[in-house]
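> Dumping the structure here so I can ask a few things about it.
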Amino acid sequence: MEAAARILVVDDDAGIRKTLALNLKARGYTADLAGTGEQALQLAARHHPDAVILDLGLPSMDGLDVVRGIRGWSSVPILVLSGRGTEAAKVEALDLGADDYVTKPFGMDELFARLRAATRRAVLPDGNAVVETDDFTIDFAAKRVVRDGAAVRLTPRQWHIVEVLVRHSGRLVTYEQLLHEVWGPAYGTETNYLRVFMTQIRQRLEPEPSKPRYFITEPGLGYRFQLPGDL
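Residue numbering for the sequence shown follows full-length UniProt numbering, beginning at 1 and increasing consecutively.
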């Protein structure tokens with residue numbers, strides 16, 4: 001994330017807009033502020049921000065409509081910041097194209113960790129890319145994982161799950177998305193499959209499988225691959 005990255009903050013609460021603007025500036029970001037959905041879409045089109053922090057409870061235009069509007073032409077990371085803490089609200093926002101969801105009240109450190117993760121753009125375009133962690137190395141070209149100097153034995157399906165999550169590093173991958181990617185479009189509700197395979201993956205890769213550092217569960221939503229320094 002470059003110091004001059006531009007973040008669009010969309011919230012109808014002037015106090016929250018001011019607080020976020022001050023914290024963004026202190027961390028080297030440039031902030032654009034919008035109090036309505038209409039303003040948000042105008043600023044997004046005008047300035048092409050590097051990320052959007054979006055409240056859903058906006059006057060006149062709902063935040064979900066802002067997500068729809070932005071996703072109509074841009075893949076900019078969208079971090080939803082909202083008091084709508086229900087699972088249904090989160091799933092709807094994520095299904096529409098939001099990258100992550102933080103519920104109010106929120107901690108500033110967590111918010112900025114999520115923002116950094118969302119803007120890392122960790123989708124790997126190069127087939128030769130290698131991802132290194134403190135505990136294992138993932139080689140996408142060789143389609144293998146090395147831990148303690150030895151290759152880790154993964155089944156094709158285990159590898160596919162790891163690949164999808166790591167290529168979306170820092171971003172939540174919903175259960176449905178992961179099932180579609182790994183098992184095919186006919187699957188979408190078989191979350192028990194994912195629980196079994198994630199247990200197996202953690203046993204092979206996590207230093208403490210019962211306390212995962214990398215393959216994180218977001219209850220009721222999905223999973224994310226996360227480097228420990230991100231949060």
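Backbone N, C-alpha and C fix where the C-beta goes; we use that ideal spot for every residue, glycine too.
Quick one: what's got a C-beta closer than 7 Å to R114's C-beta in the same chain, skipping five residues either side?
By 1-based counting over the sequence shown, the position of residue 114 is 114. Contacts found: L79, D100, V102.
> If you count every other CB in all the chains shown that lies within 10 Å of the CB of L22, and 16 or more means buried, which is it?
Locating residue 22 in the sequence shown gives position 22, where the first residue counts as 1. In the assembly as shown, L22 is an exposed residue. Its beta-carbon has fewer than 16 other beta-carbons within 10 Å.
> Please say whether T30 and A5 have beta carbons closer to each other than 9 Å?
Numbered from 1 along the sequence shown, position 5 holds the residue referred to as residue 5. Numbered from 1 along the sequence shown, position 30 holds the residue referred to as residue 30. In contact: A5 and T30 (Cβ atoms closer than 9 Å).
> Work out the CA separation of L43 and W159 for me, nearest whole Å.
Indexing the sequence shown from 1 puts residue 159 at position 159. Indexing the sequence shown from 1 puts residue 43 at position 43. Going by the C-alpha atoms only, they are around 41 Å apart.
> Under the rule that 16 or more other beta-carbon atoms within 10 Å means buried, what is T119, buried or exposed?
As a working mapping, residue 119 is identified with position 119 in the sequence shown. Its Cβ being crowded by 16 or more others within 10 Å, T119 is buried.
> Can you list, in chain order, the residues of its chain whose CB lies under 8 Å from that of D32, leaving out five sequence neighbours each side?
Here residue 32 refers to the residue found at position 32 when the sequence shown is read from its first residue. Closer than 8 Å at the Cβ level, and outside the excluded window around D32, lie R6, I7, L8, V9, L43, H47, P49.
> Using a Cβ-Cβ cut-off of 7 Å (strictly less than) and excluding sequence neighbours within five positions of V166, which residues of its own chain qualify?
Taking the sequence shown and counting its residues from 1, the one referred to as residue 166 is at position 166. Correct list, in chain order: V131, I138, F225.
> Going by other Cβ atoms of all chains shown within 10 Å of its Cβ, with 16 needed for buried, is L41 buried or exposed?
Residue mapping note: residue 41 aligns to position 41 of the sequence shown, counting from 1. A buried status is given to L41, since no fewer than 16 other beta-carbon atoms sit within 10 Å of its beta-carbon.
> Starting from the Cα of V52, find the closest Cα among R17, S60, T86, P59 and give me that residue.
By 1-based counting over the sequence shown, the position of residue 52 is 52. Comparing Cα positions, the closest option is R17.
> Who are the near neighbours of L194 in its chain, counting only those whose CB is closer than 8 Å to its CB and skipping five residues on each side?
Here residue 194 refers to the residue found at position 194 of the sequence shown. Once the five neighbours on either side are set aside, the close Cβ partners of L194 are I161, Y175, L178, L179, Y223.
> In terms of alpha-carbon separation, which member of S75, K90, A45, T133 lies closest to P219?
Mapped onto the sequence shown, residue 219 falls at position 219. The candidate whose alpha carbon is nearest that of P219 is K90.
> Mapping DSSP to helix, strand and coil, what is Y187?
Stepping through the sequence shown from its first residue, residue 187 is reached at position 187. Residue state, collapsed to three classes: coil.
> Within the continuous beta strand (DSSP E) that includes L79, where are the two ends?
Numbered from its first residue, the sequence shown carries residue 79 at position 79. Its beta strand (DSSP E) spans residues 78–82.
> Can you name, in chain order, every residue of its own chain whose Cβ lies under 6 Å from the Cβ of L81, other than the five neighbours on each side?
Here residue 81 refers to the residue found at position 81 of the sequence shown. Spatial neighbours of L81 in its own chain (CB-CB distance under 6 Å, excluding positions within 5 residues in sequence) are listed in chain order as I53, D55, V102.
> If the criterion is Cβ atoms closer than 9 Å, does the pair F136 and L205 meet it?
Position 136 of the sequence shown, counted from the first residue, corresponds to residue 136. Position 205 of the sequence shown, counted from the first residue, corresponds to residue 205. Cβ atoms of F136 and L205: closer than 9 Å.
> So L58 and T36 are supposed to be a Cβ contact under 8 Å. How far apart are they, rounded?
Position 58 of the sequence shown holds residue 58. Position 36 of the sequence shown holds residue 36. Confirmed, Cβ separation roughly 6 Å.
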